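Position 299 of the sequence shown, counting from 1, maps to 299 under the numbering used here, and the rest follow consecutively.
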Amino acid sequence: MTVTPCSGNHKQRLFVGEGNFSFTEAFIQKHDAKWGHAPTQSLGRSIWATELQPPDSLNGNGEATARIDRLKEKGVFILFGVDGAALHAEQTLDGKKFPRIHWNCPHDGSQYQKQSLPPIIEAFFQSCRKMQSPQDRVHITLAQPTPPPSKPKNLKEFYQGMIYDIVRASTLAGYKLIKKRVFGQERYPEYHHTQTVTSAEAPVIKQGMREFVFEQIPDDLFTSTMKKILCSVTEQKDHAQINACTKPNDLRSIFDRCGEEKRNTTVSILAEETSQTSSKKISICKGTFGGHTRCYFYCSSDNDSSDGEK
Ligand SMILES: C[S@@+](CC[C@H](N)C(=O)[O-])C[C@H]1O[C@@H](n2cnc3c(N)ncnc32)[C@H](O)[C@@H]1O
Numbered sequence: 001m002t003v004t005p006c007s008g009n010h011k012q013r014l015f016v017g018e019g020n021f022s023f024t025e026a027f028i029q030k031h032d033a034k035w036g037h038a039p040t041q042s043l044g045r046s047i048w049a050t051e052l053q054p055p056d057s058l059n060g061n062g063e064a065t066a067r068i069d070r071l072k073e074k075g076v077f078i079l080f081g082v083d084g085a086a087l088h089a090e091q092t093l094d095g096k097k098f099p100r101i102h103w104n105c106p107h108d109g110s111q112y113q114k115q116s117l118p119p120i121i122e123a124f125f126q127s128c129r130k131m132q133s134p135q136d137r138v139h140i141t142l143a144q145p146t147p148p149p150s151k152p153k154n155l156k157e158f159y160q161g162m163i164y165d166i167v168r169a170s171t172l173a174g175y176k177l178i179k180k181r182v183f184g185q186e187r188y189p190e191y192h193h194t195q196t197v198t199s200a201e202a203p204v205i206k207q208g209m210r211e212f213v214f215e216q217i218p219d220d221l222f223t224s225t226m227k228k229i230l231c232s233v234t235e236q237k238d239h240a241q242i243n244a245c246t247k248p249n250d251l252r253s254i255f256d257r258c259g260e261e262k263r264n265t266t267v268s269i270l271a272e273e274t275s276q277t278s279s280k281k282i283s284i285c286k287g288t289f290g291g292h293t294r295c296y297f298y299c300s301s302d303n304d305s306s307d308g309e310k
């Protein structure tokens with residue numbers, strides 16, 4: 001296979017919740033080394049790397065502070081105080097479009113029983129939709145631990161469904177899963193994961209992470225598919241109102257009015273239909289976690305790890 005050299009015309013990328021910014025550095029390092037880019041041509045010039053916490057959250061972390069200086073020299077735009085759940089409301093990013101948005105290991109530091117993380121992930125995808133165009137991609141890396149013998153076997157599914165509720169968040173914002181890849185230091189040697197609040201490495205991360213790559217579905221296709229599904233789960237009297245909707249957002253209030261069972265059915269059918277158009281074979285499965293019925297993605301392989309994007 002012939003590989004076309006990188007022209008240096010890189011896609012604009014937005015990194016969210018970067019913590020110690022080691023992924024940003026590792027990502028740039030890998031690309032620049034592969035293509036022999038001089039600093040003036042660095043991939044860093046097309047990257048906006050952000051974190052929710054203020055800069056003083058890094059006080060005492062000399063390594064991260066020095067890293068940020070190196071990144072700025074490579075042309076990276078560094079921003080603090082950026083909320084992944086409201087990217088479109090961030091003034092500095094106003095009007096900008098990002099063909100690629102990445103968030104590795106999103107977490108708000110709370111216990112999963114509180115269920116505060118799924119709404120953040122859902123708002124993140126909704127916000128990405130406002131910052132992207134059809135076929136643009138969201139890369140989100142999630143803990144996918146291989147269970148130790150003492151733990152239940154469905155730990156990966158539990159993380160997808162209960163910790164993040166990733167199928168619901170991505171599907172309701174009109175994104176389809178196109179790839180799932182192994183993620184970690186094998187791909188990005190300089191990446192050092194940090195936990196929210198404590199900055200230590202989360203033990204679960206050592207047990208496995210996967211990068212889920214989603215692609216935005218165009219408005220018209222998303223709207224027509226959602227309409228068809230809502231009509232199939234709701235009563236006849238609601239159909240005229242559903243059919244009158246022209247945008248995904250108009251349909252959202254109708255979706256929200258449905259009971260939990262109908263909402264779950266809508267999400268699973270929508271995810272199933274949209275994933276059928278992916279080149280990768282993906283199934284949508286359902287499980288019950290802590291009394292909640294949730295969907296999760298099942299792909300037969302995690303090994304699509306091509307990093308050749310520019
Ligand atoms: C588990 S850490 C992962 C940090 C880094 N991405 C990594 O992979 O090592 C989760 C990160 O998400 C950030 N975070 C939490 N809630 C956020 C939000 N609403 N918007 C943006 N970042 C958020 C935290 O401050 C933290 O840096």
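C-beta: ideal position from N, C-alpha, C; glycine also.
Bear in mind that the values here come from a model prediction, so they are computed numbers and not experimental data.
| query | Between residue 101 and ligand 1, is the CB less than 6 Å from at least one heavy atom? | reply | Start at 1 with the first residue of the sequence shown, and residue 101 comes out as number 101. Checking the Cβ of residue 101 against ligand 1 gives no.
| task | On the DSSP bridge assignment, give the partners of residue 103 in chain order. | result | Your numbering for residue 103 matches position 103 in the sequence shown. Per DSSP, the beta bridge partners of residue 103 are 16, 140.
| Own chain residues within Cβ distance below 8 Å of residue 305, not counting five before or after | Walking along the sequence shown from the start, residue 305 turns up at place 305. At residue 305, the pLDDT of 49 sits below 50, so the modelled position is not reliable; the number obtained from the coordinates is stated separately. So the list reads 181, 182, 187, once near-sequence residues are dropped.
| message | Across the stretch 98–107 and the stretch 73–83, are there enough close Cβ pairs to call them in contact, namely three or more that are closer than 8 Å? | response | Judged by pairs of C-beta atoms under 8 Å, the stretch 98–107 does not touch the stretch 73–83, as fewer than three such pairs exist.
| field | Exposure label - residue 165; buried when at least 16 CB within 10 Å | value | Counting from 1 along the sequence shown, the entry for residue 165 is found at position 165. Classification of residue 165: buried, given that the 10 Å Cβ count is 16 or more.
| task | Return yes when at least one heavy atom of ligand 1 lies under 6 Å from the C-beta of residue 326, else no. | result | Residue 326 lies beyond the stretch modelled for the chain, which goes from 1 to 310, so this question has no answer here.
| query | Nearest-angstrom Cα distance between residue 109 and residue 117? | reply | As a first step, residue 109 must be located in the sequence shown, where it is residue number 109. As a first step, residue 117 must be located in the sequence shown, where it is residue number 117. Roughly 9 Å separates the two Cα atoms.
| query | Which runs of the beta strand (DSSP E) spanning at least 3 residues fall entirely within the stretch 169–231, listed in chain order? | reply | As far as the stretch 169–231 is concerned, its whole beta strand (DSSP E) runs of at least 3 residues are 175–183, 209–216.
| Which value, in whole angstroms, describes the spacing of the CA atoms of residue 313 and residue 225? | This structure cannot settle anything about residue 313, because the visible part of the chain is limited to 1 through 310.
| query | Which term fits residue 257, buried or exposed, when burial requires 16 or more other beta carbons within 10 angstroms of its beta carbon? | reply | Against the sequence shown, residue 257 aligns to sequence position 257. Counting Cβ neighbours within 10 Å, residue 257 comes out exposed, since fewer than 16 surround it.
| task | Sort out for me which residues DSSP pairs residue 293 with in a bridge. | result | Here residue 293 refers to the residue found at position 293 when the sequence shown is read from its first residue. Paired residues: 288.
| request: Taking the CB atoms as reference points, tell me whether residue 326 and residue 21 lie closer together than 7 Å. | output: For the chain, the structure presents residues 1 to 310; residue 326 sits outside this window and is missing.
| task | Quick one: measure Cβ to Cβ for residue 168 and residue 122, integer angstroms, because I've assumed they're closer than 8 Å. | result | Walking along the sequence shown from the start, residue 168 turns up at place 168. Walking along the sequence shown from the start, residue 122 turns up at place 122. So it is a contact: roughly 7 Å between Cβ atoms.
| request: Identify every residue that forms a DSSP beta bridge with residue 77. | output: If you number the sequence shown from 1, residue 77 lands on position 77. According to DSSP, which records beta bridges pairwise, residue 77 is partnered with 48.
| said: In this structure, how does DSSP classify residue 127 when only helix, strand and coil are distinguished? | reply: If you number the sequence shown from 1, residue 127 lands on position 127. If DSSP states are grouped into helix, strand and coil, residue 127 belongs with the helices.
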